[in-house]
Each structure stands twice: as structure tokens, then as C-alpha cells.
Amino acid sequence: MSLPENVTTHEDFPVPETMKAWVLGDPGELTLTDKPVPAPGRAEVLVRIDAVAICATDLEIIHHGPPAQIQGGDPFNKNFTPGHEYMGTVVALGPGVDEYEIGERVTVEIHAGCGQCKRCRQGMYTSCHNYGKNYGDVDKGHRANGFTTDGGFAEYAVNNINTLVHVADTMTDEEATLVVTAGTAMYGLTELGGLVAGESVVVSGPGPIGLLGAAVAKALGAQPVILTGTRDNRLEIGRKLGADHVINVRNENVVEKVKELNGGKGVDYVVECSGAPQAVNEAAQMLNRGGKICLAAFPGSAPEVDVAFLVRNNIYLYGIRGEGKTATHRAEAFMRQKRFDASLIHTHTFDMEDLAEALRYAKDRVEDAIKVVVKNKHAAARQLAAE
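Everything in the sequence shown is counted per our numbering, starting at 115 for the first residue and increasing by one.
Dropping the structure here:
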């Protein structure tokens, strides 16, 4: 089916009627198939997907289902395409869209809230009360691409204009896929107070969000920034991204070392990105009284938390979801200004048709994979032509 007449296109960016897309069947089962190219509606554009980074949440969705929610339930066998950390090129404009032009490079946020619930009206669209209610007679206008609507493991996707972020021409496709990761870290620091210049920050867990969390904290002026983890090579990347100190928790008592590095006292903030069983309790013990913890990881099981310690020490606990409050725009600005080199966490690139192998690299950390990116062939062809 061709695009409706009220959708604007351009001859330089022809849009086919069908596209290749990966579809989730049973848990862990992805099949490359043909799907119709979706048509953008009001306040939407069609994005030609050039590159997609693999997130740990993609693996969780593909193998277990939640937090994806399709047609009110698990995403399996519903013709659903996962993937959410993508960037690309605007190739068609929905009715009335004049905020973007065809041919512009963009990266995307995941969430476009319903715009009408209490949280959306507060700017907290990643906490939309109508999450997942975007189908049939209960359609509330909510979108979370790769979670409640089709995502980026495909050639095209529809995005609300509120989810788009301009990408500088100086930024590679691979680097542009990392804006969302940096945006999540930025959102966490925003919720902790935002003005962290001169404040002491610990980031625990040198995964993608943790590494860029250290980078963003340093770019915001935090001092010192301490990164903790178990892998020396990743901690070394953290140093390059701006961490003042790194601690291998297998070799030292992390709480004692943090206090030693911070002049004998606890720090102001902890951004917890490890999901380790004792992470919350250790984070609390690293803080000075009245300090704040941001939780940015999904633990594998329900941890036991010393709530009495939190209460006695007036410690604040924040959970974040995604990259809310337009944090991606601020993260892209830092990356555009080269305040840190996010590309340091990009380790592997695969063709989209080799997604299964790319997912294996990401899941099993083959060759110490950190951020694995898959690219559509049209993006590779464009890059070769530019060279």
C-alpha cells in the first residue's frame, strides 16, 4: 500500500511499499520478514532507519517479554518488531508537520506519551499513565517504539515529532545511536537535582549507561566522579570518559575506598547502574547524610534493602525510566560539543540481516562487547558514496 496523499514525500528519498523487518515470535525467536512500510499520521514522520544500537532491555524483551506490552499483554507472536535505540533520516512527513524536513538526520527517544494524562502534562511522558494503551478501541495515542509499538530492527519506523532529536553532521551513525544512552544518564542526574557542579558522584556499574553516566556527570562539573565495577578494561574506558577515580570492587572495599577518595566522607550522589543484589545498600553506605541515589538498572531479583538505614540518614531514592524530560536533547548537545567521546563504548557493528549474531555478541559479551550496532545496507552504501 502506498502512502496516503496527505503524507509529504520527496523524489530524492523514495519510499517503498514494503520493508524488511525482524518480527518476534516465541521467546527468543526472531524472523526476518516483509512488512508494510507504516504511514505517518498527524505530528508524525517516517524515519528511514540507518543504525540501531542493541540495549540490554532489547534482550530482556526478546527473551522474556516485559517491559514490552503489545495489545495489552506480552509481545510474543503479535507481529511485533523490537529495537529502540535507533537513528536515521526523515523521509516522509505526516499531515501538517513542518518542524522537520525530509532528508534531516535524527536520533530518537523511545517514549511519546499520550499527552493527556497527569504525568504527560507534567512532562513525565516516560511515566505515561496510558502506557501500552495504543490499540483498538482503547487507543490513547501512547507510543513507546520497541516497547508498545514497532521499533527499530527494521528499515523504517514512524515517530512522533516529540521523540526526534537533530543529529550533527559531525556525528557518525554509530555515535548517534548512543544519544539515547547518554540521555538516560542525563535524565538520572536531572532527577537527582541537575546542578551537580562541584558535587561528588559515584557511578556504579560500567555498562553503557554507567560509562556515559560518568561522562555526563563530569561534563556537568561534578567533582570527584568515581566509577566502580568489576572489569578493569571497562573502568579504564571510564577514565577516558571523565571519571576522576575508578574502583574495582573485587579488589577493594568499595564503601571504604569511596570515602577515602572523597576526603573521608560520603558522596552527595550515587547513580546505580549495576543491578547487583547489594547495590542499593552499598550505595546508601557510600552517601553522606541527606544524599541521593538514582536507580537506573533492573535487578534480576528483588533485593533486600536496609530501609531503616535510609530513613535514619535521610537518604533519597529515585527510580528512572528511559530518558525523560527531553534529556536526549541535552545529551546530544554535549556530544555535539565533544564534551565527551561517546563512541568509546561502541565496540562492534553488524549488518541488519546479521541481527541474531549481533544479539549474541551483546548478550554473551563476546570480545567484551559493550555497545553493538546494526546498520541497514542503505546506510553503509551512503557512507561509502560519501567517502
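For each residue, glycine too, the CB sits at the ideal point set by N, CA and C.
What residue range is occupied by the uninterrupted beta strand (DSSP E) comprising residue i?
i      : result
Gly266 : From DSSP, Gly266 is part of no beta strand (DSSP E); its letter is neither H nor E.
Asn362 : 359–362
Asp346 : From DSSP, Asp346 is part of no beta strand (DSSP E) but of the alpha helix (DSSP H) over 346–355.
Tyr432 : 430–433
Asp455 : Careful: Asp455 lies outside any beta strand (DSSP E) and carries neither H nor E.
Glu131 : First-last for Glu131: undefined, no H or E at that position.
Pro150 : 144–150
Glu481 : No beta strand (DSSP E) holds Glu481; DSSP gives it neither H nor E.
Val339 : 339–343
Does the ligand NAD have a heavy atom nearer than 6 Å to the CB of residue i?
i      : result
Ala331 : Among the ligands in the structure shown, none appear at all, so the ligand NAD cannot be discussed.
I'd like the span of the alpha helix (DSSP H) that includes residue i, first residue to last.
i      : result
His280 : Counting along the chain, His280 falls outside any alpha helix (DSSP H), though it belongs to the beta strand (DSSP E) covering 278–280.
Tyr301 : 293–306
Arg450 : 441–450
Thr171 : 170–178
Ile407 : From DSSP, Ile407 is part of no alpha helix (DSSP H) but of the beta strand (DSSP E) over 401–409.
Ile323 : 322–333
Asp287 : 287–290
With the cut-off set at 7 Å, would you say residue i and residue j are in Cβ contact?
i      : j      : result
Ala441 : Tyr301 : yes
His225 : Tyr239 : yes
Leu306 : Tyr200 : no
Gln183 : Thr298 : no
Cys228 : Gly255 : yes
Ala328 : Leu355 : yes
Gly438 : Cys387 : no
His124 : Ile275 : no
Leu207 : Thr122 : yes
Val161 : Met133 : no
Ala271 : Ile163 : yes
If contacts are defined as beta-carbon pairs under 8 Å, then residue i and residue j qualify, I think. What distance do you get, rounded to the angstrom?
i      : j      : result
Val488 : Phe464 : 5 Å
Asn273 : Glu158 : 6 Å
Thr461 : Lys485 : 6 Å
Ala74  : Ile407 : Residue 74 is absent from the structure shown; the chain starts at 115 and stops at 501.
Leu138 : Pro196 : 6 Å
Ala410 : Ile434 : 6 Å
Val369 : Val394 : With 8 Å as the limit, Val369 and Val394 do not qualify as a contact, their Cβ atoms being about 13 Å apart.
Thr221 : Ala290 : 5 Å
Lys379 : Lys371 : Contact flag wrong, Cβ pair sits at about 13 Å.
Taking all protein chains shown into account, decide if residue i is buried (16 or more other Cβ within 10 angstroms of its Cβ) or exposed.
i      : result
Asn490 : buried
Asn120 : exposed
Phe267 : buried
Asp140 : exposed
Asp287 : buried
Leu309 : exposed
Asn502 : The question about residue 502 has no answer here: the residues shown for the chain are numbered 115 through 501.
Asn98  : Lying outside 115 to 501, the shown extent of the chain, residue 98 is not represented and no answer is given.
Phe412 : exposed
Thr284 : exposed
Val317 : buried
Just grab the DSSP bridge partners of residue i for me.
i      : result
Asn273 : Val159
Phe261 : Per DSSP, none; premise fails for Phe261.
Arg219 : Thr203
Thr122 : Leu207
Between residue i and chain D, is there a C-beta pair that is closer than 7 Å?
i      : result
Arg364 : No chain D is present in this structure, which holds just one protein chain.
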